[in-house]
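For the protein sequence lines, the chains are A and B, in the order given.
Position 62 (the first sequence) corresponds to 62 in my numbering; numbering is contiguous.
Every number in my numbering is 1000 more than the matching position in the second sequence, counting from 1.
We treat Cβ as the ideally placed atom computed from N, Cα and C, and that holds for glycine.
There are 2 protein chains.
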Amino acid sequence: MSHTLGIRQAQKQKTRQALLDAALGLLEEQSLSSLGLREVTRAVGVAPTAFYRHFRSTADLGVALVEEALGSLHPMIRTTVSGTGDPEERVARAIELIARHVDGYPAHVRFIARERHGGVQPVREAIRDQLSRFAREVKDELAKDPESEGWTEDDLLMLAHLYVDQMLITASLFLEALEGPEEGREERKREVARVAARQMRLIGLGRHHWLD
Amino acid sequence: MSHTLGIRQAQKQKTRQALLDAALGLLEEQSLSSLGLREVTRAVGVAPTAFYRHFRSTADLGVALVEEALGSLHPMIRTTVSGTGDPEERVARAIELIARHVDGYPAHVRFIARERHGGVQPVREAIRDQLSRFAREVKDELAKDPESEGWTEDDLLMLAHLYVDQMLITASLFLEALEGPEEGREERKREVARVAARQMRLIGLGRHHWLD
DNA sequence: CCATGCAGTTAACAACTGTTCTCTGGAATT
DNA sequence: AATTCCAGAGAACAGTTGTTAACTGCATGG
């Protein structure tokens, strides 16, 4: 179904991706609101004016980065929440998945955590929308669970938001563990996983007794 | 005990405070990493070089803002967690307190939420330290509760962190509710309070059944 | 009362920013 | 084969930035 792009469009997308990659790199030590367009083009090796062929502004680029960072994550979320096995094992599996994602895409995770409450409104909104989508998807998945019998839609959604926020906090903690020196990094990661697992377990307990 | 400052020191502190206030205002629509020193001095009405008499850099000013925003909050935290009454009422009281704080100091709350994962390392660290202090204080307060009998220190601390993070999320949501148009603002705030209360209640349930 | 200290000023610097306009070379279309 | 299109280059713009140096005037301490 995918129509092969012409040489022209292919080259354009390549530069566009290079701009996104360079920006993501530069954003490891600053916020989007201080990211300059010239800074990005310099890092890529193109003229400043080339930027305008792809984005209206750095805020616009930021919105594109949100799509890149979160857009492809929806299938993963679904499979994380659902799945079989005893609760303890499911929690461990979910946290392991988060840890792997942070390991694989640390810059994306950092970007989302940073700009979720950052200084650029359109980007904040884009992230909020994506996270709301996540919450709704988690809710739908929770609804299938036999444990959710008797739950209102409203209560399921509030639990889903709790889970999503908790995932983000955990991801951010894994990132911090990654940031320090190599020495003891694995241990720091294990400690984060340990605490996160117990928090998830406690939330799971609250869920179990919700209808009492 | 407080020694009356000389005219000189008093005037200095006054400009210093003016710089902090102006910065906090400017930070409502951008992040600290893009805040310029000239921008701040211009807003206050002093020469750019005057800035250096008070702060080494905008990052340094940011650290001072963390102290201002969170330093005076410790007594409040303690009384929020402790206190008597049935659980339902305590939850409602805690959320009411958060709502009031956000109403009274929206710029401070925004600053903390924004810079907690922001682009300026020393500021992130300062916030992390303060929040860790909060968590330890909450833990100490939880330890006094009869419900905490049989809990390990470790488990109490993980619960405390859960509470602190939850408070921050709730505060940030109240802030969002405040940001839109006047129309329906009260309703948005009530909705935030409603969801937050149920999440706190669920966590409280998990806490109650932790030792099962 | 006089000398010192120091908060804030003034002026100047090189470097940087976003944005506009004009141009070019090669892919795409006819 | 001739024409159109368009991603990217180049140069120039006015305005901004952080930092330095030398200054001024006034509160302070001897």
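The beta carbon of residue 1114 of chain B sits closer than 8 Å to some beta carbon of chain A. For the region 117-142 of chain A, the set of positions with a beta-carbon nearer than 7 Å to some beta-carbon of chain B reads 117, 118, 119 in chain order.
The three-state reading of DSSP puts residue 29 of chain A in coil, since its state is none of H, G, I, E or B.
DSSP places residue 174 of chain A in the helix class (H, G or I) of the three-state scheme.
A Cβ-Cβ contact shorter than 8 Å links residue 1033 of chain B with residue 31 of chain A.
Looking from the CA of residue 13 of chain A, the closest CA among A:58, A:59, A:64 belongs to A:64. Residue 1153 of chain B and residue 1143 of chain B have their C-alpha atoms roughly 8 Å apart. In chain order, 31, 32, 33, 124 place their CB closer than 7 Å to the CB of residue 118 of chain A, counting only its own chain and leaving out the 5 sequence neighbours on each side. Residues are counted here when their Cβ sits less than 8 Å from a Cβ of chain A; for the region 1020-1031 of chain B these are 1027, 1029, 1030, 1031, given in chain order. When the five nearest sequence neighbours on each side are left out, the beta carbons in the same chain lying within less than 6 Å of the beta carbon of residue 81 of chain A are those of 138, 141, in order along the chain.
Relative to the Cα of residue 1174 of chain B, the nearest Cα in the group B:1205, B:1131, B:1109 belongs to B:1109. Ranked by Cα distance from residue 1146 of chain B, the options B:1170, B:1207, B:1198, B:1107 are led by B:1207.
Our two residues, residue 88 of chain A and residue 188 of chain A, have alpha carbons roughly 21 Å apart in a direct line. Residue 74 of chain A and residue 104 of chain A have their C-alpha atoms roughly 16 Å apart.
Taken through DSSP and simplified to helix, strand or coil, residue 1181 of chain B comes out as coil. For residue 1131 of chain B, the enclosing alpha helix (DSSP H) has its first and last residue at 1121-1144. Contacts with chain B at 8 Å (Cβ-Cβ) include residue 158 of chain A. Distance from the CA atom of residue 59 of chain A to the CA atom of residue 48 of chain A, rounded to whole angstroms, is 16 Å. In this structure, the alpha-carbon of residue 205 of chain A lies about 30 Å from that of residue 1129 of chain B. For residue 206 of chain A, the nearest beta carbon of chain B is closer than 8 Å to its own beta carbon. Taking C-beta atoms as the reference points, residue 1116 of chain B and residue 1098 of chain B fail to come closer than 8 Å. Contact check between the region 1177-1188 of chain B and the region 1005-1024 of chain B: fewer than three CB pairs, one atom from each, fall below 8 Å, which does not count as touching. Within the same chain, 47, 48, 50, 51 come within 7 Å of residue 41 of chain A by CB-CB distance, once the 5 residues on both sides are set aside.
When secondary structure is reduced to three states using DSSP, residue 111 of chain A falls in the helix class.
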